[in-house]
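This report concerns only the one structure given below.
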DNA sequence: TTTACATATCGAAATATTTCGATATATTTG
DNA sequence: CAAATATATCGAAATATTTCGATATGTAAA
């Protein structure tokens with residue numbers, strides 16, 4: 001991991017709501033209702049559920065998720081009108097390795 | 001580690017200079033001149049050397065180091081007129097564990 | 001005990017982040 | 001195709017961070 005990506009990830013992690021989202025996605029079945037489509041929660045949770053759980057505005061959460069995607073903390077999958085997000089464990093691990 | 005401390009640490013890590021300092025302190029003997037006192041670099045590097053290496057103002061570095069101390073990324077030791085800083089490996093490890 | 005050195009704190013200007021409501025876009029469904 | 005649903009983007013106001021120079025404080029040396 002390059003320093004620039006590390007700093008961008010740290011910026012994402014320095015906001016309580018974004019951190020909450022990352023933590024909630026550790027257990028996507030326990031923390032969110034099942035996706036209305038056939039997509040299992042383990043392969044991504046739809047933006048609406050994440051939005052509803054935070055209590056912040058839809059536009060704010062969309063921006064948050066985009067920033068977490070750009071620095072690669074999250075992975076995205078678009079299916080029909082839904083967008084699903086899940087943790088990018090590989091990048092999270094690389095972020096930790098950088099520090100130690 | 002509590003969420004609040006995690007967020008404060010992330011804020012520290014979201015600045016390139018503070019990240020540099022944390023990385024430089026991985027090898028305090030390779031990255032800084034030997035302390036002028038009898039304190040070995042492995043037990044802490046004095047603020048002046050850290051300041052000189054960054055190129056930023058003394059007041060800025062003092063503020064940076066204080067914030068890194070407050071969130072416990074660093075440990076401090078004061079001896080005579082010098083202040084020495086080193087990494088707090090235990091907290092850094094706990095920060096990583098929180099993420100994974 | 002004055003001076004020099006090491007570090008911390010203050011006040012301020014520039015820049016960045018947070019968060020919103022309004023609006024745009026894209027997809028599905030009637 | 002029109003309406004409904006899901007998500008993204010825009011513009012802006014409030015707040016926070018960055019970084020400085022000036023100054024204060026604490027310790028050591030002359």
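Protein chains in written order, with the UniProt record's numbering: chain A, 1 to 100; chain B, 1 to 100. The C-beta atom is built at its ideal place from N, Cα and C for all residues, glycine as well.
In the structure shown, residue 74/A adopts extended strand secondary structure according to DSSP, grouped into three states. The beta carbon of residue 11/B falls within 8 angstroms of a beta carbon belonging to chain A, placing the residue at that interface. According to DSSP, residue 79/B shares a beta bridge with 82/B. If you compare the alpha carbons of 89/B, 34/B, 29/B, 99/B with that of residue 68/B, the shortest gap goes to 89/B. Only those residues of the segment 68 to 97 of chain A whose C-beta falls short of 9 angstroms from the nearest C-beta of chain B are listed: 89, 92, 93, 95, 96, 97. Nearest to residue 53/A by C-alpha distance, out of 80/A, 13/A, 25/A, is 25/A. DSSP places residue 97/A in the uninterrupted alpha helix (DSSP H) bounded by 89 to 99.
Of the residues 32/B, 62/B, 22/B, the one whose Cα lies closest to the Cα of residue 73/B is 22/B. Sorting 38/A, 12/A, 16/A, 10/A by C-alpha distance to the C-alpha of residue 56/A places 16/A at the top.
In this structure, residue 61/B sits near residue 47/B, with a CB-CB distance shorter than 8 angstroms. Shown here for residue 80/A: same chain residues with a beta carbon closer than 8 angstroms to its own, the five before and five after excluded, namely 37 in chain order.
Along the segment 16 to 46 of chain A, going in chain order, the ones with a CB nearer than 7 angstroms to a CB of chain B are 16, 19. With distances taken between CA atoms, residue 31/B lies nearest to 86/B out of 99/B, 86/B, 98/B, 94/B.
Rounded to whole angstroms, residue 33/B and residue 83/B show a C-alpha spacing of 15 angstroms.
For residue 51/A and residue 63/A, the gap between their C-alpha atoms comes out near 11 angstroms. Note on geometry: alpha-carbon atoms of residue 77/A and residue 93/B lie some 32 angstroms from one another.
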